[in-house]
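S.K.:
Residue numbers (the numbering used here), protein chains in the order written: chain X, 8 to 329; chain A, 50 to 284.
1) Select from 238/A, 132/A, 227/A and 166/A the residue whose C-alpha is nearest the C-alpha of residue 309/X.
2) Taking residue 153/A as the reference, which of 213/X, 258/X, 174/X and 149/X has the closest Cα?
3) To be precise: take each residue of the stretch 22–33 of chain X, compare its Cβ to all Cβ atoms of chain A, and keep it if any distance is under 9 Å. Which residues remain?
4) What do you get for residue 253/X, buried or exposed, if any count of 16 or more other CB atoms within 10 angstroms of its CB means buried?
5) Against chain X, which members of the stretch 79–96 of chain A pass a CB distance test of less than 8 Å?
6) Using a beta-carbon distance below 7 Å, is residue 174/A in contact with chain X?
7) For a cutoff of 7 Å on Cβ pairs, would you count residue 134/X as touching chain A?
8) Along the stretch 122–147 of chain A, what residues have a CB closer than 9 Å to any CB found in chain X?
9) Taking C-beta pairs closer than 7 Å, name the residues in chain X that residue 158/A reaches, listed in chain order.
10) In chain order, what residues of the same chain lie with their CB nearer than 8 Å to the CB of residue 239/X, ignoring the 5 residues before and after it?
11) With a cut-off of 7 Å, does the C-beta of residue 199/X fall near any C-beta of chain A?
12) Counting only beta-carbon atoms, is residue 246/A nearer than 7 Å to chain X?
13) Counting only beta-carbon atoms, is residue 262/A nearer than 7 Å to chain X?
14) Give me the DSSP bridge partner(s) of residue 124/X.
15) Measure the C-alpha to C-alpha separation of residue 68/A and residue 81/A and round it to an integer number of angstroms.
16) Return the residue from the list 114/X, 131/X and 176/X that minimises the CA-CA distance to residue 212/A.
17) Classify residue 242/X as helix, strand or coil using the three-state DSSP reduction.
18) Can you tell me which residues form a DSSP beta bridge with residue 180/X?
19) Determine, for residue 282/X, whether the minimum Cβ-Cβ distance to residues of chain A falls below 7 Å.
20) Give the secondary structure of residue 126/A by DSSP, where H, G and I count as helix, E and B as strand, and everything else as coil.
21) Using a C-beta to C-beta distance shorter than 8 Å, which residues of chain X count as neighbours of residue 249/A?
22) What's the C-alpha gap between residue 187/A and residue 153/X?
23) For residue 95/A, list the residues DSSP reports as bridge partners.
24) Considering only the alpha carbon of each residue, which of 105/A, 100/A and 86/A lies closest to residue 342/X?
25) Using the beta-carbon count (16 or more within 10 Å), is residue 112/X buried or exposed?
26) Which residue's Cα is closest to the Cα of residue 90/X: 97/X, 80/X and 98/X?
27) With a threshold of 6 Å on Cβ separation, who are the neighbours of residue 266/X within its own chain once the five nearest residues in sequence on each side are excluded?
28) Count Cβ pairs between the stretch 226–243 of chain X and the stretch 150–164 of chain A that sit closer than 8 Å; are there 3 or more?
29) For residue 112/X, which three-state DSSP category applies?
30) My assumption, with CB atoms under 8 Å, is that residue 247/A sits in contact with residue 148/A. Please give the rounded CB distance.
31) Closest to residue 33/X by CA distance: which of 74/A, 70/A and 88/A is it?
32) Could one say the Cβ of residue 103/A lies closer than 7 Å to chain X's Cβ atoms, at least one of them?
33) For residue 146/X, is the classification buried or exposed, using 16 other Cβ atoms within 10 angstroms of its Cβ as the cut-off for buried?
34) Applying a beta-carbon distance threshold of less than 9 Å, which residues of chain A neighbour residue 123/X?
35) Please report whether the beta-carbon of residue 216/A lies at a distance below 7 Å from any beta-carbon of chain X.
36) What is the residue span of the alpha helix (DSSP H) that residue 165/A lies within?
Structure follows, in structure tokens:
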């Protein structure tokens, strides 16, 4: 039922002819009520039969207890600034050339650093300095912090080599000897602190009693391989259609299939700017779907495919019969 | 200034004076009455061509959204940790999950159905657009729900999703690792957005009615002759 001030050319993909045919009684509220009850039965059946997943969260305590070697290998990268978080760029820090971009389009640079994170201070030295009555650890931190950058790099490099061959001896971290100065003590203390559960609380704390921001513990956790190993075992890694799935055999966010699909195909699956490329594609497609009625060719697809003949088959059958 | 005694005999006349009809309130009422006359808002008959199962999926989507909201409200009443420690809570969480799955399942079928009907025809483009926007807002609402679960799925999904969000610059203000912020978006902002836009969508459907079938003379399978057919019928 279009009302135009001026007569304009009829376009079948835009305009309709006013319906002059028959109307039939239709109780729209009764239909809605029956549908409401039917969906209730459906979701109760699904909930009772299939339940819902609730895999417990990984804590820094459980990670460092189950895999202290991975924890220590991650901690040293936080201290020497080579972890994924330390080299991330905006919004966590201003690492040069870390932003994803498409040509000159580099949107995260427009907003800059909004969740500032210094991994050495926030993930290692800061938490260690909250430990009470640890003069040896305090001395190690002071020695590290007052040494030259070259000396610090020599120690962290030596520790990275040593911790690559570290072993887990009954839940305790055992790192081969090396010339890594105070760094071994610092990482060892941090591992022991994490194993007590102290690091979970310290990273969550923002200087107040109530906290709801898990940015720091989640970033630390994601820098290790333990989290991704667990996700791999639960068929959740990126090349397994990643985050649209959830633990167990549940449908997950199946509606993200198109978003996740772009991560599986070239060049996005190997591009350093893959996330931005996928998001630009999805933004264009989403806006395109909103404005589909205005897009030539695409808006004619329903008329050309003739699927509507199936939908309105009774109507066309009756038309043919008259 | 006199004090009005307010007897029934002095009640306002049923017809508006010119001054009253210029009121904002009166103008909004008249506009609403004009846009949504009762027989159009709650019709008791429909065009005969509405004889297909595909029409059921719109109402199934709406009632599934109602169940998403009802089960979500129960979870909200009891607080975000309840469902981890209570079997009753876990059941309500399961109902919430499956009502969301049903909602998206019905909504996607509804969307494809409307696409193949070219349901934007006849001044229904805004109806189409609000439907797509409510779908996109629902994706955001469901996503923040996954981030608010406080379990392994939340940890993995948030740490994976942050890279995409951050690459757009949105991560500066929309931090998927901030549980408190994501919970607020999930239970306040996005539900208001979805309910508002879905409500507008339903009102527009009632306002314009369901789209008539293609006139068979319009339905040319080949793009080469489409313009010829389009030209044969002035509005």
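For glycine and all other residues, C-beta sits at the position ideal for the given N, C-alpha and C.
M.R.: In this structure, then:
1) 166/A
2) 258/X
3) 22, 23, 24, 25, 26, 28, 29, 30, 31, 32 and 33
4) buried
5) 91, 92, 93, 94, 95 and 96
6) yes
7) no
8) 132, 133, 139, 140, 141, 142, 143, 144, 145, 146 and 147
9) Identification of chain X residues near residue 158/A by a Cβ-Cβ cut-off of 7 Å yields none; the smallest Cβ-Cβ distance measures about 12 Å.
10) Answer for residue 239/X: 247, listed in chain order.
11) no
12) no
13) yes
14) BP columns for residue 124/X are empty, so no partner.
15) 19 Å
16) 114/X
17) Looking at residue 242/X - three-state DSSP - the assignment turns out to be coil, as it is neither helix nor strand.
18) 175/X
19) yes
20) Here residue 126/A sits in helix by DSSP.
21) At a beta-carbon threshold of 8 Å, none of the residues of chain X lie near residue 249/A; the nearest stands roughly 14 Å away.
22) 53 Å
23) 31/X
24) With chain X covering only 8 through 329, there is no way to say anything about residue 342/X.
25) exposed
26) 80/X
27) 289
28) no
29) Secondary structure of residue 112/X (DSSP, three-state): strand.
30) Contact doesn't hold; Cβ gap of about 15 Å is too wide.
31) 88/A
32) yes
33) exposed
34) Near residue 123/X there are no residues of chain A at all, since even the closest Cβ is about 11 Å away, more than 9 Å.
35) Contacts with chain X at 7 Å (Cβ-Cβ) include residue 216/A.
36) 136–165
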